[in-house]
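In my numbering, the protein residues as written are 17 to 513. Backbone N, C-alpha and C define an ideal beta-carbon position, used for all residues, glycine too. To start, the structure itself, in structure tokens.
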């Protein structure tokens, strides 16, 4: 680099010549991590460092004695010169990014975003201007990426500064609140709140600013927002502090949960209705059945065993029908309660569990049961799991079409689930019927062996209420059916409504 203008004052104060002082200044500029260019009173370059040469694609002394404008695109040159002149006349430093993106111009004609700091230097030969260039391409790229992420977010996004003023919004926020971007940016956030909450919100915002953290807003409270037309709606808001040039920025993710609230209300109402039905079924339906059963017993006692055979057979049919209706009611009650996860979690030994089920279930004489367990004990809700397995194993016996058969029970650990398989060599289930067997009151065959058609629906409901799922395998033209149950090996808890 050639130095065309001396930088040292008349007396350097370093006990050395001006030449040595200039050399020291060259080294200081050379080792500056940003690009530095020094220009004289004629706006021509007198000194650059290697970082600036690399940044703009020049080599050696190519830039020396060239006008500074060669580093600035033509459309920015007038304004750039105006800032340089202000800096020279006021002898103050100025950060020359003009409040907007400023571009640099490389030797190959490519433009790139830069920040420029302009400094006035007084020397013994006059005033020089030093400009420091920083390539902000990477930062601008990250800003654009952030902007795209915010724009594409499925929820409303708003960025708020320390004053509580909106500085950024995405299209989802515009649509949610009914405002345009221009109507939101630059205005206080409180415009999006019902008037009755605005006074208190300032305090909440101040409290958050003292201890900023990523968190949900208003935990335990119902949050309400206000649209441009004055209508109000329920929202869920996540807060995320963002480090920025201004400091104290907060990115708020806003989700309209009106539909969710409505569905929760409908679900609570449905559960309430189901509880009322359960009470009615338990008391109002069973009472008449008990009366019918008692009446049959009184008739038998009155007849004293002298009733005709046909009458005795019909009375037996009445008893059977009453018992079947009682089983249907019991199954309905179990199905109604199955939607709620049990809470009595205990350690379950799978081998003991299955052995206990097989011990109490009536097993046909010519059936072989094979049990293969490759799983370890785990903590879960025993009662619903036992009910599911008992239903599946009982169905395998009762729905078999032969007097002899084989049932295989397999259990193995698969990740966070314990997989139970109950397979038989029975007639199988037609493809057209495989989906409906899990529906309530659905049975296969004309008499369905006297079953209520609730067992598989109950099993599916119990499995899903505890975080698992159930699957049926039965191929057309091949004997046999297998039910697979994925049951969580870790206690499952539903999120609160």
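Please state the DSSP three-state secondary structure of residue i.
{"i": "residue 135", "result": "strand"}
{"i": "residue 80", "result": "coil"}
{"i": "residue 99", "result": "helix"}
{"i": "residue 470", "result": "coil"}
{"i": "residue 247", "result": "coil"}
{"i": "residue 147", "result": "strand"}
{"i": "residue 323", "result": "coil"}
{"i": "residue 481", "result": "helix"}
{"i": "residue 152", "result": "coil"}
{"i": "residue 49", "result": "coil"}
{"i": "residue 432", "result": "coil"}
{"i": "residue 440", "result": "strand"}
{"i": "residue 94", "result": "helix"}
{"i": "residue 506", "result": "coil"}
{"i": "residue 381", "result": "coil"}
{"i": "residue 332", "result": "helix"}
{"i": "residue 340", "result": "helix"}
{"i": "residue 418", "result": "coil"}
{"i": "residue 315", "result": "helix"}
{"i": "residue 88", "result": "coil"}
{"i": "residue 264", "result": "coil"}
{"i": "residue 345", "result": "helix"}
{"i": "residue 179", "result": "coil"}
May I have the straight-line CA-CA distance separating residue i from residue j, to the nearest angstrom?
{"i": "residue 219", "j": "residue 195", "result": "25 Å"}
{"i": "residue 42", "j": "residue 254", "result": "52 Å"}
{"i": "residue 152", "j": "residue 90", "result": "20 Å"}
{"i": "residue 171", "j": "residue 165", "result": "11 Å"}
{"i": "residue 243", "j": "residue 249", "result": "8 Å"}
{"i": "residue 192", "j": "residue 178", "result": "24 Å"}
{"i": "residue 447", "j": "residue 487", "result": "13 Å"}
{"i": "residue 150", "j": "residue 174", "result": "29 Å"}
{"i": "residue 409", "j": "residue 374", "result": "8 Å"}
{"i": "residue 134", "j": "residue 142", "result": "17 Å"}
{"i": "residue 308", "j": "residue 290", "result": "26 Å"}
{"i": "residue 222", "j": "residue 167", "result": "27 Å"}
{"i": "residue 415", "j": "residue 229", "result": "59 Å"}
{"i": "residue 188", "j": "residue 269", "result": "10 Å"}
{"i": "residue 267", "j": "residue 484", "result": "36 Å"}
{"i": "residue 385", "j": "residue 425", "result": "8 Å"}
{"i": "residue 25", "j": "residue 39", "result": "Confidence at residue 25 is low in this model, with a pLDDT of 46, below 50, so the placement of that residue should be treated as unreliable; the coordinate-derived value is given next. Answer to the nearest angstrom: the Cα atoms are 13 Å apart."}
{"i": "residue 453", "j": "residue 285", "result": "28 Å"}
{"i": "residue 387", "j": "residue 438", "result": "9 Å"}
{"i": "residue 56", "j": "residue 154", "result": "31 Å"}
{"i": "residue 102", "j": "residue 54", "result": "16 Å"}
{"i": "residue 343", "j": "residue 276", "result": "37 Å"}
{"i": "residue 137", "j": "residue 70", "result": "24 Å"}
{"i": "residue 502", "j": "residue 441", "result": "22 Å"}
{"i": "residue 327", "j": "residue 303", "result": "25 Å"}
Report buried or exposed for residue i, applying the criterion of at least 16 other Cβ atoms within 10 angstroms of its Cβ.
{"i": "residue 148", "result": "buried"}
{"i": "residue 321", "result": "exposed"}
{"i": "residue 72", "result": "buried"}
{"i": "residue 411", "result": "buried"}
{"i": "residue 472", "result": "buried"}
{"i": "residue 332", "result": "exposed"}
List the endpoints of the continuous alpha helix (DSSP H) containing residue i.
{"i": "residue 187", "result": "187-193"}
{"i": "residue 222", "result": "211-226"}
{"i": "residue 371", "result": "366-376"}
{"i": "residue 492", "result": "That residue, residue 492, is in no alpha helix (DSSP H); it is neither H nor E in DSSP."}
{"i": "residue 405", "result": "398-414"}
{"i": "residue 293", "result": "274-296"}
{"i": "residue 68", "result": "66-72"}
{"i": "residue 197", "result": "197-200"}
Just reading off the beta strand (DSSP E) that residue i is part of, what are its end residues?
{"i": "residue 175", "result": "172-176"}
{"i": "residue 446", "result": "No beta strand (DSSP E) contains residue 446, which DSSP labels as neither H nor E."}
{"i": "residue 391", "result": "Unbroken run through residue 391: none, as it is neither H nor E."}
{"i": "residue 120", "result": "118-121"}
{"i": "residue 242", "result": "239-242"}
Using a Cβ-Cβ cut-off of 7 Å (strictly less than) and excluding sequence neighbours within five positions of residue i, which residues of its own chain qualify?
{"i": "residue 420", "result": "382, 383"}
{"i": "residue 271", "result": "171, 251, 252"}
{"i": "residue 464", "result": "Low confidence applies to residue 464: its pLDDT is 48, below 50, so where it sits in the model is not reliable enough to give any reading."}
{"i": "residue 115", "result": "Legend: pLDDT at residue 115 = 43, less than 50; position of this residue unreliable, value from coordinates given subsequently. Result list for residue 115: empty, nothing under 7 Å."}
{"i": "residue 507", "result": "361, 395, 396"}
{"i": "residue 197", "result": "185, 190"}
CB-CB under 8 Å to residue i, same chain, minus the five flanking residues each way: which ones, in chain order?
{"i": "residue 364", "result": "393, 394, 395, 396, 398, 401"}
{"i": "residue 213", "result": "240"}
{"i": "residue 312", "result": "331, 334, 335, 338"}
{"i": "residue 125", "result": "none"}
Output needed for residue i: all residues of its chain with C-beta closer than 6 Å, excluding positions within five of it in sequence on either side, in chain order.
{"i": "residue 427", "result": "366, 389, 391, 436"}
{"i": "residue 156", "result": "129"}
{"i": "residue 462", "result": "For residue 462, the predicted structure reports a pLDDT of 44, less than 50, and the residue's modelled location is therefore unreliable. The matter cannot be settled from this model."}
{"i": "residue 183", "result": "175, 177"}
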